[in-house]
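Read through the structure below, which is laid out as structure tokens, and then see the notes.
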Amino acid sequence: MKVAVPVPPRDSAAAARSDSIRGIPDSLATRRARADSIQPPLALSELPPTIGVGQPYRWTRDSLFRTGSLTALDLLDRVPELTGFRTGWLASLQTASVLGDFKRLRVFRDGIELDPVDPRMGGALELHDAQLWQLEEVVIERAAAEVRLHMRTWSVRSTTPATRVDISTGDDDTNLYRGFFGRRFGNGGALQIGAQNFGSGARNRRTGGGGDGLSAFARVGWARGRLSIDAYLSRLDRQRNPTFPFNEADTILVRAESRRDEGYVRIGLGTPDAGPWVQAVANVMRFRLDGTGYVVGVDTTRDAGGVITALDTLVAPDSGASRTQYLLTGGFTRWGVRLSAADRWRVYAGRNWHSPAVRASFDRSWLSVSAFGERGAPDSTLRLDVNGRLQPLPWLAVLGAVSRTTVEYTAGDATRHVARGEVGVRLGRLWLTGGRVIRSGGEVFPPQALSRVPTVDFQAYAANPLPLVTVAEPRANGTVVTLRGRVYKDIVLDVHGTAWDAGGAYRPQYQTRAEVRLETNWLRRFPTGNFGLVLAITDEYRSRTLFPVRSDSSATGVAELFTSASNTLGALLEIRIQQATVSYQIRNALNREYELVPGIRMPRPLSFYGVRWYFFN
């Protein structure tokens, strides 16, 4: 049986609306969303293999910021046999010695070596020149005789614009601001810009040493397939106020103001991480040092090119330096084998200097071997390094490293040897290593920027300067111990200690660093990965450190000046929610009095906190 159901007449307006809606395609369904396109990468510099056990000394961009490191020295403090020196907080002078020698630390950015051109540093690099905030990946190469910091600058691959803003503040009038922007284009083009500005200690009348820094960079480039071309430009302006010794009124560390401009053009084919590759880089660097206001006639040390590398005092007039560095490099990477060769060509002081280098490595789960050879310029230093790891059992490893360095002088050659041997045992997910290091004797050159100058009777001092002096160090033997890896779930331990049979110049007899770290995304509670937590506590100790100084106006009188032993505690807390990270850290939390440079008191407890916010436009 059929039942008729009455249907009300259709409203004409509604019908019209329905017809109109039906006649217009659904805009959400038909709209062509601009898909995020991943473009081929720009050229990447070669990074050496990390020979060792446990967690490697390697950081990506995100993990680098999670360490809480504000400067390159903060990161390098994690390396055994390296001793960092600071004259204060964020704006202070920062440098480091390796095995007691300041020239054994070298820094490379995108394959270009950052040459130490500040005449007051005595051939050592002021580590503010290695701008950590611009980086995407960092590897610390721990050779027997040297520590090399290899850095890749930030690079983007997505056509979706990416922006990041960092804002931080803290004690001692500290403020820091950063901004990043980068994007790729559909035709393979790339645009990146960034800037950082910081200031601290502007009103510190107790010890001085405050200052500020402004740095910026820009990159434009293009990549298609395995071919890429890019240009990079950076500028670093730094200013540091005079630093006053705590218990003296007649000497200071003088003010410093400098500018370093650097830029390169790079053409690359392939990537060093896989297959054959080749790169050509042309880099120009200009450095300017503003004088202290004193006009002083002082003796200087010049390299073979006639460029001033050291001054007898810190009180120099205005000076500048300009260097061009060309790099042609290439290699092959596959099946665990890495082969590469490079020629580094420097042009300055009207002369050319070539530094050829070769590198070869082989990596398997049970065996890793790396060899590196280089003839440096302009002193024709010949360096030969071999590092190896043999792991016959999953819980046992034998590590070794040897280095031979020969420096050619007019009167003859000077050769130094360094050897390190270690045995590693795996305890759960922790690796415990221990061994011995042997370093032959030789001269140690100090950075005169750590010397103090008098505030009174300056002309008398100019005639008879009493700065830090170069000394001949005897052979040194020491013991190195590390404990690195996961203790339980997301709790990580990073401990290293060095004990020399006897201390030496710029080399404390005992030095340790221990960090306990909790780093988790708590995926069981936040499976989307929108939460992150970092909590770290760090303890650092070093025994007293020798600084040899000239004891009188003669060239032979040397006095021994020591810092006191130091023990400091620091902490870091970071909480990430989606793309925003809130960070807090405190240094010298126990308010201990200590110094890393004789007479220069380090700051009281310092808190530093802020936010890092990364977002897509």
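Counting from 1, one number per residue, gives the positions in the sequence shown under the working numbering. Even glycine gets a Cβ: it sits at the ideal position worked out from N, Cα and C.
- By the CB criterion at 9 Å, Gly376 and Ser355 fall inside the cutoff.
- For Met121, the secondary structure class from DSSP, reduced to helix, strand or coil, is helix.
- Asn617 is positioned such that its CB atom lies closer than 9 Å to that of Thr160.
- Under the DSSP assignment, Arg383 falls in the beta strand (DSSP E) whose first and last residues are Leu382 to Leu393.
- At the C-beta level, Leu572 and Ile600 stay beyond 9 Å of one another.
- In this structure the segment 60-79 does not lie against the segment 180-192, because fewer than three pairs of beta carbons, one per stretch, are closer than 8 Å.
- Leu533 is bridged by DSSP to Thr520 and Ile575.
- Residue pairing for Thr60: DSSP places it in a beta bridge opposite Glu137.
- Secondary structure note for Asp343: it is in no alpha helix (DSSP H), and the uninterrupted beta strand (DSSP E) holding it is Val337 to Tyr348.
- Just so you know, the alpha carbons of Glu519 and Gln55 end up roughly 14 Å apart.
- When secondary structure is reduced to three states using DSSP, Gln131 falls in the coil class, being assigned neither helix nor strand.
- Secondary structure at Arg429: coil, using DSSP grouped into helix, strand and coil.
- Collapsing the DSSP output to three states places Leu99 in coil.
- At a Cβ-Cβ threshold of 9 Å, Leu236 and Asp129 count as neighbours.
- Listed as beta-bridge partners of Arg266 by DSSP are Asp230 and Val281.
- By the Cβ test, the segment 167-176 is not in contact with the segment 40-58, since fewer than three Cβ pairs between them sit closer than 8 Å.
- If you look at Leu149, you'll find it in the beta strand (DSSP E) that goes Val147 to Thr153.
- Ala360 carries a strand assignment under DSSP once its states are collapsed to helix, strand and coil.
- When C-beta atoms of the segment 325-345 are compared with those of the segment 271-279, three or more pairs fall below 8 Å, so the two segments count as touching.
- Around the beta carbon of Gly350, fewer than 16 other beta carbons lie within 10 angstroms, which makes this residue exposed.
- When DSSP reads this structure, Gln511 sits in a beta bridge with Thr498 and Arg542.
- The C-beta of Glu593 has fewer than 16 other C-beta atoms within 10 Å across all chains shown, which makes the residue exposed.
- For the 9 Å CB-CB criterion, Arg542 and Gln511 form a contact.
- For Ala72, the enclosing alpha helix (DSSP H) has its first and last residue at Ala72 to Leu76.
- Here Val582 has Ile575 and Val611 as same chain residues with Cβ atoms under 6 Å from its own Cβ, once five neighbours each way along the sequence are excluded.
- Val444 and Ala124 have their C-alpha atoms spaced approximately 11 Å apart.
- Just so you know, the alpha carbons of Ser365 and Arg157 end up roughly 32 Å apart.
- Counting C-beta atoms within 10 angstroms of its own C-beta, Pro80 has 16 or more neighbours from the protein chains shown and is therefore classed as buried.
- Looking at the DSSP output, Ser355 bridges to Arg344.
- Contact between the segment 85-97 and the segment 59-67 is absent, with fewer than three C-beta pairs closer than 8 Å.
- Counting the other Cβ atoms within 10 Å of the Cβ of Arg334 gives fewer than 16, which makes it exposed.
- Assignment of Arg255 by DSSP, reduced to helix, strand and coil, places it in the coil class.
- Looking at the DSSP output, Leu90 shares a beta bridge with no other residue.
- Assigned with DSSP and collapsed to three states, Phe526 falls in coil, not helix or strand.
- A direct Cα-to-Cα measurement between Ser440 and Ser361 gives close to 26 Å.
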